[in-house]
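Colleague: Residue numbers (the working numbering): 113 to 269. Okay, here's the structure, questions in a sec.
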Amino acid sequence: MAKATFGAGCFWGVEERFRQLSGVISTSVGYSGGNRSNPTYEDVCTDTTGHAEVVEIEFDPARITYDQLLDIFWASHDPTQLNRQGPDVGAQYRSAIFFHGPAQEAAARASKARLEASGRFRRPIVTEITPASTFYRAEEYHQRYLEKRGLAHCRIG
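Written out as structure tokens, the structure reads:
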């Protein structure tokens, strides 16, 4: 098994998108990339802890590759929006790839470069690519939030 960690806005919809993929063993929503130990949702929402809302994914690389996960990541949000996604504004909603090892770093950087070269976006891609730091699992009521409510996605707009 392997691990991947992505931030792409509000973690509820991001988790639901990855959770349904064949080869994804488990998902957890939480916080990463910040400067406070054991942050709560309320702490992160102050936009002062430096954490991003993220999804930590455990996956079977024999069934789904990291490159395939990257493709889903890029398709799941607008990576040109700095510190926001849709109506959600703040650094906690930033576009981020937290890599677990040099192979993931290389794959993430190559994937970003391909996307930039493709011309798909008119604005620059602002996604940060940084080493995975401590993952703090979010409160239980955030885990599988949309599934618990019978929703397929967050309504934006």
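Each residue gets a CB set at the ideal place from its N, CA and C atoms; glycine is no exception.
Contact defined as beta carbons within less than 8 Å: I believe Glu170 pairs with Leu258. What is the distance between those atoms, to the nearest angstrom?
Modeller: Start at 1 with the first residue of the sequence shown, and residue 170 comes out as number 58. Start at 1 with the first residue of the sequence shown, and residue 258 comes out as number 146. With a Cβ gap of about 19 Å, Glu170 and Leu258 do not count as contacting.
Colleague: Only counting the same chain, and skipping five residues up and downstream in sequence, which positions put a Cβ closer than 6 Å to that of Tyr143?
Modeller: What you label residue 143 is simply residue 31 of the sequence shown in a count that begins at 1. Taken in chain order, the residues that qualify are Pro151, Val156, His163, Tyr248.
Colleague: Among the residues of its own chain, which have a CB less than 8 Å from the CB of Gly202, if the five just before and after it don't count?
Modeller: Mapped onto the sequence shown, residue 202 falls at position 90. Only Cys157, Asp159, Asn195, Arg196 meet the Cβ criterion.
Colleague: Using only the alpha-carbon positions, how far apart do Ala208 and Arg175 sit?
Modeller: For the purposes of this step, residue 208 is taken as the residue at position 96 of the sequence shown. For the purposes of this step, residue 175 is taken as the residue at position 63 of the sequence shown. Rounded to whole angstroms, Ala208 and Arg175 show a C-alpha spacing of 24 Å.
Colleague: Determine which residues share a DSSP beta bridge with Lys115 and list them.
Modeller: For the purposes of this step, residue 115 is taken as residue 3 along the sequence shown, with counting starting at 1. Looking at the DSSP assignment, Lys115 forms a beta bridge with Glu170.
Colleague: Would the segment 113 to 121 count as touching the segment 227 to 236 if we require 3 or more Cβ pairs under 8 Å?
Modeller: no
Colleague: Cα-Cα, which of Ser134, Leu227, Phe211, Glu154 is closest to Gln204?
Modeller: Position 92 of the sequence shown holds residue 204. The shortest Cα separation from Gln204 among Ser134, Leu227, Phe211, Glu154 belongs to Glu154.
Colleague: Ser134 to Arg221, Cα distance in whole Å?
Modeller: Position 22 of the sequence shown, counted from the start, is the residue given in the question as residue 134. Position 109 of the sequence shown, counted from the start, is the residue given in the question as residue 221. If you take the alpha carbons of Ser134 and Arg221, they lie about 24 Å apart.
Colleague: Is Thr139 near the ligand HEM - that is, is its Cβ less than 8 Å away from at least one heavy atom of it?
Modeller: This structure does not include the ligand HEM; it has no bound ligands of any sort.
Colleague: From Thr117, Thr139, Glu240, Glu168, pick the residue whose C-alpha is nearest to that of Pro191; which is it?
Modeller: If you number the sequence shown from 1, residue 191 lands on position 79. If we check each option's Cα against that of Pro191, Glu240 comes out closest.
Colleague: What span of residues does the beta strand (DSSP E) with Phe207 cover, start to end?
Modeller: The residue labelled residue 207 in the question sits at position 95 within the sequence shown. It should be pointed out that residue 207 corresponds to Ser in this sequence rather than to Phe. Looking at the DSSP string, the run of the beta strand (DSSP E) that includes Ser207 is 207 to 211.
Colleague: By Cβ distance, which residues of its chain are closer than 6 Å to Gln180, with the 5 residues on each side in sequence left out?
Modeller: As a position in the sequence shown, residue 180 is number 68, starting the count at 1. Answer for Gln180: no residue qualifies.
Colleague: If the criterion is Cβ atoms closer than 9 Å, does the pair Thr246 and Phe211 meet it?
Modeller: Here residue 246 refers to the residue found at position 134 when the sequence shown is read from its first residue. Here residue 211 refers to the residue found at position 99 when the sequence shown is read from its first residue. Not in contact: Thr246 and Phe211 (Cβ atoms no closer than 9 Å).
Colleague: Go ahead and label Glu251 buried or exposed: buried means 16 or more other beta carbons lie within 10 angstroms of its beta carbon, across all protein chains shown.
Modeller: The residue given as residue 251 occupies position 139 in the sequence shown. With fewer than 16 other Cβ atoms within 10 Å, it is exposed.
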